[in-house]
Structures are given as structure tokens and as C-alpha cells.
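Sequence lines, in order, name chains C and S. Letter by letter, the first sequence follows residues -7 to 456 of the working numbering. Letter by letter, the second sequence follows residues 368 to 470 of the working numbering.
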Amino acid sequence: MSALQFIVEMMLLLASVGFIIGLRMLGSPTSARMGNAIGALGMLVAVIMSFVLARPSSEYAGLLVAILLGSLVGIYAARKVEMTAMPQLVAAFNGVGGAASVLVAVCEMMRLAQSPSLEVSPIFICTAWFSAVVGAVTFTGSMCAYGKLEGWISSRAVLFCGQRIVSGLIFLSLLAGLLLMFQEPLNTNLFWTITIVSAIFGVLLVLPIGGADMPVVISLLNSYSGLAAMAAGFVVDSKLLIIAGALVGASGIILTRLMCTAMNRSLMNVVFGAFGSSVIAQQNADEKPLREFTSMDAAMLLHDASRVIFVPGYGLAVSQAQHNIRDLANALKESGVDIRYAVHPVAGRMPGHMNVLLAEADIPYEELKDLEEVNGEFENTDVAVIIGANDVVNPSARSDKSSPLYGMPILNADKARSVIVLKRGRGTGFAGVENPLFSLERSGVVFGDAKKSLSAILNDLKHL
Amino acid sequence: MPADSLSSLSVAIYVLVLAVFVGFEIIAKVPTMLHTPLMSGSNAISGIIIVGAIAVSVGQDGMLGQYLAYGAVFLATINVVGGFLVTDRMLGMFKTKSKKVGK
């Protein structure tokens, strides 16, 4: 190792430390922005150092063009995206990262194949196989998730006859591909075939997962994109790739577990269970009557309250009502009402999505409360306002053992003295389960789009 | 397998296992509120594959390999640049009460 190489290695170590510190700082609201900047700085150092190490000559122009174009696309996407579309964007970024990992493995394979007499190690074969499989699954799986989130593909679980058998056979054929690679390590055609089969596998994995489980899928794919980079690190022999990939893989797994706990489901159940499709059939036919509220009823109730908790759900995001909820909250605050927001871990379409949406509407984050923080407070609350949320406030998750939601941690909105439910229609939530909270005697339902209902309530409140 | 490649493999595995533990330690206590920025930020870090993409774009004999490598650099750059920028944009929206009073 030359002195220059040693210096470069040390700089790459510095970049890894930057990633670790950056991720650490992303864990606290006051330091998060700085943490992100430190991570970005580490990345810049890593890119410069890899130029020093690779010493491109004729490749310079091509590399710079690729980086320039990639930056333009990245800047455009980051600037333009609506906060409601954040899950799609993260899915897309995961996907391109996965695709890049596959291409890196393919290119390294092609480069080595130029000298066919070369001996390759079994570790190279295994990690190259792994990065092709995981990278391609990440790519097509993310694109599939993107399609579901955008509504291009049905967000319901898509199942066909014998799907599990087909997926199982595909997986076995991928394992067979690995064995073949030991026979002919540098056969690029074989490698392409494995990549393409993995791409099909990725679609088959995500297609059967319902829209409500998207937070889990996104976290899982995030983890995969890290694992693919980690495997590519073994392929091109880069410790930085191994460290960064492992960090991302670990963080993705933690978030996946948190999401599964918040929905009281095992990962196996999310991936292979196809929830939603089977449950709808069991729906109770005997609907209890709901008490309907006008916006004036709701306004009067809020007017007389001294403590109010808002429970925002995905319905709020769909109708882009985050600014209206803030206006209503501000009006109530002016008349001395104590306001807080109860945010369930799976409110929205990805982990923490609701917090971002409310932050976008300038709601200070101190008012946003986690499940554990807020659940004891419902008892002393005059009015709980449920806005486009359903399953996360369903009390049968606590009491009814036959309910598919049983055991899921919920927000105890039913403990509030009265409950106002803003609801689009009479349908059930994603899980397709009746919600007894809505038919309680102290509950009232305002039907309609969340945005319109909120502004109508605000309007009536002003006239009181 | 030659001895020195085994020793470099064992170093790589050491690094991997330790990094996984560090990852679990630093992420475990992140509040719900920051899950989305954490995910998009870590997503940007997984764009580190750009380093591998730059490495494999040098020394390709064939045109196909060359362009595929540039393609990998292009895709990884989207991941890196877009990921860090959108995380910054999101985090810029998180405001505290004290700041609001200051306005």
C-alpha cells in the first residue's frame, strides 16, 4: 500500500465516521438537519476519494456527465415533490439505488471476464450473486411499491392462483443459479439471467402486499438497498461500502420491526399474509347507526371544550387538509383551548409520514404526541377529533379477541368525553373492520372531505 | 484461496459485523417524529454505491460495460443528491414553538 493509498483509506474512514455521526444526529429534532449535512459531507469526501483511487483518464468526461445528469434529476425530484408523495419518492430513490448496486456487480463481472484465466474467490461469487438478487429485487419491488402508492397498480393485495408456488420455484431457481456460478464464475450471460429472474421475483414479492402495509414494505426495501450496497462492497472490495450498507440495512430493519409492532403483525404475516383481502369477507353485516353531526354541532362542541386532541390519519393527507387543521387549531388556541395532536406510528404511508405533513403546515413539533405520551391524556380530554383515521382508533383492537385488529396498539380516543369523527364516507378502514368508536353514544360523525369539513367547522366557530 | 485474500476477507467481515451493531445502537432510540427524515437520510447514505460505480467505470474494455458503469453512476447520483436534499427540505419544516414566538 502506497502512502497515497493509505491517506485515501483514512479519508474513507473519515467518511464512514461522518455517516455514523450523521445518522446519530438524525435521531434528535434539534440536531437532525446538521446530521444530514454531515452525512452529505461524508458522501462528498467519499466521491472525491474514489476519483483519486480510480484515477480515471478517458472516463473523466463520461463520469462527470453521469454525475451532472444524476444531480439534476435528484435536485428536481427533491424540490418538486409534494410532502404527501414522500413515500413514493423514497421508494423511487431506493429503487435507483438498488439498480445501481446490480449494475456495479454486473460491471465488475464484465471487467473481470476480460481476463478469463482469472481465479475468483467463492466469496466474490456469493456476494456478486447476493448483490444481483437483492439489488434487482429492491429495484423492481420499489417500482411496484411506487406504482401502488401512486395508484397506478391496485393498492389492494394482488394475488393469483399458485402465486406462492411460483415465488418458491423462482427462489429455488435463483439458488440453482448460484450453484451454476460456481461452475462458471465469470459467465456474464448467466449473471444477467439471474438478475432478470430476480427482477421478476421482486415484483411477485410486493404485488401481493396491500396498500395499508406500505410503511412496512418501504422500510424493508430501504433495508434491502443497504444490504445490496453492502454486498457490492465485498464485490469491489470497499470497506466504506460495507460500513455504509450495513448501517442502512440495520436502520431499515429497526424501522421495519417498529412498523410491524405498531400494526401488531409479524413480518412473515405482512410479506406472505395478504391481509385485507381475506378480512373483508368477514365484515359484520349489522351496522350500528351512526349519529350524524353538522359542522355547527362540531363547532359548538369544540367551542365549549377546554382540552382537545386531534387524531390525524391518512384521510387528512389525501385531502391535503394539514393547513386547515392548523387554522382550526389556531382559532381554538386563541380562545384558550389546549390543543395537541396524537400521531399513531403508522398514520400515513411511511414511518413518521404524518409528522412531516403536520410540520409542513407549521405545526410546532412539541404539540405532536406519540402513542405512549398521549394515551393517558384522553381521559382528561373534552373532545377528540378524528380526522380521516380509522383502524388506529378502533377500540376493538383492545377488547375484541375476534377482531383482526386485536392486539394492535391504538390511540384511546374512545376514552375522551366526546368524539367528533370527520369521515369521507361510510366505508371501513384499510383493514375492512367495523369501528365501534364511531357508533358510541358520545360520538358524532361529520361526513365529507376532511378539508371541506374542517373549514366549515372553522367558519361556524367564528360565528358562535 | 490464498492466505492474504482470506485475511482481507476476515477484516471485511469484522467491519461488517461491527457496523451492523453500530447501526442498531444509533437507530434504536429515534422518536417516531423523525422516522421519515431518518429513512430518507439513510436512503441517501445507501447511495454510497456511487463509490463502487466510479470504481468499476475505470478499466472497462467493452462499450457495454462502460455505459452500464456510467448508468450506475447516474442512478447512484440521483439517490445521493435527491436523498440528502429532500431530507434537508423536510427537516427545514420542523419548527419549535420558541422559533415561532421569535417571528
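Cβ coordinates follow ideal geometry from the N, Cα and C atoms, glycine included.
query: Just reading off the alpha helix (DSSP H) that Ile417 of chain S is part of, what are its end residues?
result: 416 to 423
Other residues of its chain near Ala84 of chain C: CB distance less than 6 Å, five sequence neighbours each side excluded: Tyr138
task: Spell out the partners DSSP gives Lys231 of chain C in its beta bridges.
output: The partner list for Lys231 of chain C (beta bridge, DSSP) is empty, contrary to what the question assumes.
field: Members of the region 101 to 126 of chain C that neighbour chain S once the beta carbon cut-off is set at 8 Å
entry: Met102, Arg103, Gln106, Ser113, Pro114, Ile115
Residues that DSSP places opposite Phe183 of chain C in a beta bridge: Partner(s): none; Phe183 of chain C has no beta bridge.
message: Is it buried or exposed, Arg341 of chain C, if we count other Cβ atoms within 10 angstroms and call 16 or more buried?
response: buried
query: What are the boundary residues of the beta strand (DSSP E) that Ile331 of chain C is part of?
result: 330 to 334
- prompt: Mind checking whether Asn386 of chain C and Val335 of chain C have CB atoms under 8 Å apart?
  reply: no
task: Please go through the same chain and pick out, in chain order, the residues whose beta-carbon is closer than 8 Å to the beta-carbon of Ser298 of chain C, but skip the five residues on each side of it.
output: Gly328, Val329, Asp330, Asp374
- prompt: What number of angstroms, rounded off, separates the C-alpha of Gly154 of chain C from the C-alpha of Val198 of chain C?
  reply: 16 Å
- prompt: Who does Ile412 of chain C pair with in a DSSP beta bridge?
  reply: C:Val377, C:Gly436
query: Rounded to a whole number of angstroms, what is the C-alpha to C-alpha distance between Ser456 of chain S and Thr403 of chain S?
result: First, the amino acid is wrong: residue 456 of chain S is Arg here, not Ser. In a straight line, the C-alpha of Arg456 of chain S is about 12 Å away from that of Thr403 of chain S.
Any C-beta of chain S under 8 Å from that of Gly143 of chain C: no
query: Would a C-beta distance cut-off of 8 Å place Phe174 of chain C and Ile117 of chain C closer than the cut-off?
result: yes
query: Taking all protein chains shown into account, do 16 or more other C-beta atoms lie within 10 angstroms of the C-beta of Lys231 of chain C, making it buried, or fewer, making it exposed?
result: buried
- prompt: Which residue from C:Leu45, C:Leu64, C:Ser165, C:Pro177 puts its Cα closest to that of Ser109 of chain C?
  reply: C:Pro177
- request: Helix, strand or coil for Pro304 of chain C, going by three-state DSSP, please let me know.
  value: strand
- prompt: How many whole angstroms separate the CB atoms of Arg318 of chain C and Gln427 of chain S, which I take to be in contact at a CB cut-off of 8 Å?
  reply: That belief does not hold up - the Cβ atoms of Arg318 of chain C and Gln427 of chain S are roughly 54 Å apart, past 8 Å.
query: Closer than 8 Å, Cβ to any Cβ of chain S: which residues of the region 206 to 219 of chain C, in chain order?
result: Ile210, Ser211, Asn214, Ser217, Gly218
- request: Mind reading off the beta-carbon distance from Gly89 of chain C to Ala395 of chain S? Whole number of angstroms is fine, and I expect it under 8 Å.
  value: Actually they do not touch by this definition, with Cβ atoms about 23 Å apart.
- request: Output the distance between the C-alpha atoms of Ser123 of chain C and Arg418 of chain C, rounded to the nearest integer angstrom.
  value: 47 Å
- prompt: Considering only the beta carbon of each residue, do Val0 of chain C and Val44 of chain C sit closer than 8 Å?
  reply: yes
field: Neighbourhood of Met78 of chain C by C-beta distance below 7 Å, restricted to the same chain and skipping five residues each side
entry: Met342, His345, Val348
message: Assuming Ser159 of chain C and Leu196 of chain C are in contact, meaning their beta carbons sit under 8 Å apart, how far apart are those beta carbons, in whole angstroms?
response: 5 Å
Straight-line Cα distance separating Asn322 of chain C from Val387 of chain S: 45 Å
message: Arg25 of chain C and Gly450 of chain S - do their beta-carbons sit closer together than 8 Å?
response: no
message: Extract the residue ranges of the beta strand (DSSP E) inside the region 309 to 370 of chain C, only unbroken runs of 3 or more that lie entirely within it.
response: 330 to 334
- prompt: In its own chain, which residues sit with a C-beta less than 8 Å from the C-beta of Leu453 of chain C, not counting the 5 before and 5 after it?
  reply: Ala291, Leu294, His295, Leu320, Ala323, Leu324
message: Check this for me: beta carbons of Asn427 of chain C and Gly305 of chain C, under 8 Å apart or not?
response: no
task: Consult DSSP for Glu111 of chain C and reduce its assignment to one of helix, strand or coil.
output: coil
- prompt: Using the rule of at least 16 other Cβ atoms within 10 Å of the residue's Cβ for burial, across every protein chain shown, is Asp354 of chain C buried or exposed?
  reply: exposed
message: Beta-carbon within less than 8 Å of Lys470 of chain S's beta-carbon, same chain only, minus the 5 sequence neighbours each way: which residues are those?
response: With a pLDDT of only 34 at Lys470 of chain S, under 50, the local geometry of the prediction cannot be trusted, and the value read off the model is given with reservation. For Lys470 of chain S, where only same-chain residues beyond five positions count, there are no Cβ hits under 8 Å.
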